[in-house]
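J.:
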């Protein structure tokens, strides 16, 4: 979906939808692939550029059950990738396209809108427009707030703006 505020095509998808997009338009999409390490992602060779992140869809409260948690480094790598591709088409996918990918999409969109007083809220609106069914992973969102928020006041504002989904 073309996002006028960003002057960029952005897609948020499940692994099945992402495969269809990348195979259908080889060399078009820059892809952030968020998987648990078990998914068959051979189709990703059709991506223009690729960043693979491996972490499970685990929330803080389930830490004791195990799983690979997202880290600040994962968030930083995704932001660097997004900044590198600038306004080129970006596809972010996870297994279902609802939790990890929507959280990462919010972080990236918020970063692109940085400087606007309503950046966090506008980013959430954009993510919702691209992917109406969303349940952003709260752990990933919290990491994004920590990475994006340069000051305590900035982090608190980001938390307030995300209250509907946190």
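Residue numbers (this note's numbering): 505 to 670.
C-beta: ideal position from N, C-alpha, C; glycine also.
If you're wondering where the values come from, they're calculated on a predicted model, not measured in any experiment.
In whole angstroms, what is the alpha-carbon distance linking residue 602 and residue 644?
T.: Locating residue 602 in the chain shown gives position 98, where the first residue counts as 1. Locating residue 644 in the chain shown gives position 140, where the first residue counts as 1. Their Cα atoms are separated by approximately 12 Å.
J.: On the DSSP bridge assignment, give the partners of residue 535 in chain order.
T.: As a position in the chain shown, residue 535 is number 31, starting the count at 1. Note: residue 535 sits in a beta bridge opposite 554, 595.
J.: Roughly how many whole angstroms lie between the Cα atoms of residue 524 and residue 597?
T.: By 1-based counting over the chain shown, the position of residue 524 is 20. By 1-based counting over the chain shown, the position of residue 597 is 93. Spanning the two alpha carbons is a distance of roughly 12 Å.
J.: Near residue 548, which residues of its chain fall below 7 Å by C-beta distance, leaving aside the five closest residues on each side in sequence?
T.: One-based indexing of the chain shown puts residue 548 at position 44. Here the set comprises 526, 535, 537, 554.
J.: Exposed or buried, residue 621, counting other C-beta atoms within 10 Å across all chains shown (16 or more means buried)?
T.: For the purposes of this step, residue 621 is taken as residue 117 along the chain shown, with counting starting at 1. Label assigned to residue 621: exposed.
J.: What's the call for residue 590, buried or exposed, on a 16-neighbour Cβ count within 10 Å?
T.: Within the chain shown, the letter at position 86 stands for residue 590. Label assigned to residue 590: exposed.
J.: Going by the CB atoms, is the gap between residue 576 and residue 522 shorter than 9 Å?
T.: Sequence index remark: in the chain shown, residue 522 carries index 18 (1-based). Sequence index remark: in the chain shown, residue 576 carries index 72 (1-based). No, the pair does not count as a contact, with Cβ atoms beyond the cut-off.
J.: Work out the CA separation of residue 528 and residue 605 for me, nearest whole Å.
T.: The count along the chain shown starts at 1 and reaches residue 605 at position 101. The count along the chain shown starts at 1 and reaches residue 528 at position 24. Approximately 20 Å, taken between the alpha carbons.
J.: Where residue 662 and residue 633 are concerned, what is the direct C-alpha to C-alpha distance, given to the nearest angstrom?
T.: Mapped onto the chain shown, residue 662 falls at position 158. Mapped onto the chain shown, residue 633 falls at position 129. If you take the alpha carbons of residue 662 and residue 633, they lie about 19 Å apart.
J.: Let's see if you can read the secondary structure: which residues bound the alpha helix (DSSP H) around residue 661?
T.: For the purposes of this step, residue 661 is taken as residue 157 along the chain shown, with counting starting at 1. 656-665 is the span of the alpha helix (DSSP H), which, as asked, contains residue 661.
J.: Pull the bridge partners of residue 513 from the DSSP assignment, please.
T.: Looking up residue 513 in the chain shown gives position 9. Bridge partners of residue 513: 506.
J.: Determine whether the beta carbon atoms of residue 594 and residue 514 lie at a separation below 9 Å.
T.: Here residue 594 refers to the residue found at position 90 of the chain shown. Here residue 514 refers to the residue found at position 10 of the chain shown. Yes, these two residues count as a Cβ contact at 9 Å.
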